[in-house]
Each structure stands twice: as structure tokens, then as C-alpha cells.
């Protein structure tokens, strides 16, 4: 399992629209091959900051499968105009399982 982690900074005043649009966009990502789960967290301290966590079966399911798909273009059109600056995406793998 690969964990994709993205810190999102949504433009001021667009937070509510972003959250509603994200719900719509969620159906896109959740339909992709290798998708396991995702969650969007709103920052308590800094308005407009969000953490997106997506679990994929493999790195390629995200980087090649999703990003190379027509569905990604729809995701991009729905969400990318909300971000400033454009976010950096990082991928993580589990070091040691929890008990």
C-alpha cells in the first residue's frame, strides 16, 4: 500500500466551494484502479489549509494510472483552480505496522 499525502492551500474565500466540489470529485478518484481510500482533513489553525490522504495499491496506480487517465483531466478541471500555490504530492510506504 502507498500513501499519497498532499498539503493543499485553498485560495482565501473559496474554502466552502472547494469542499463541495471535492465531494463531487471524490467519485472520480474512488473509481480508479488501485484506489483503496481517501480522506480530506481541514486544518484547525490555518483557514484554507487541507490535508489530502489517498491510499493506493501501488505507486503506479496513482502516478501512471490515475494521472495518465481522462478521469484525471476531469479531477484537474474541478479542483486545480482552487490551489495557490500548486501543491506538492509525496508518496509514503509503511515502515513498521502498528499494534
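Residue numbers (the numbering used here): 1045 to 1143.
For every residue, glycine included, the Cβ atom is placed at its ideal position computed from N, Cα and C.
Inside the region 1075-1131, DSSP marks whole alpha helix (DSSP H) runs of 4 or more residues at positions 1114-1123, from first to last along the chain. Per the Cβ contact rule, the region 1103-1112 is not in contact with the region 1054-1070 (fewer than 3 Cβ pairs under 8 Å). With respect to the 9 Å criterion, residue 1054 and residue 1133 are not classified as neighbours on the basis of their beta carbons. Here residue 1075 is near residue 1115, since their CB atoms are less than 9 Å apart.
A straight-line Cα-Cα distance of about 13 Å links residue 1123 and residue 1094.
Comparing alpha-carbon positions, the option among 1081, 1102, 1143 lying closest to residue 1096 turns out to be 1081. A Cβ-Cβ contact shorter than 9 Å links residue 1046 with residue 1106. Counting only the Cα atoms, residue 1120 lies some 34 Å from residue 1142. Taking each of 1127, 1087, 1101, 1048 in turn and checking the Cα distance to residue 1078, the smallest one comes out for 1101.
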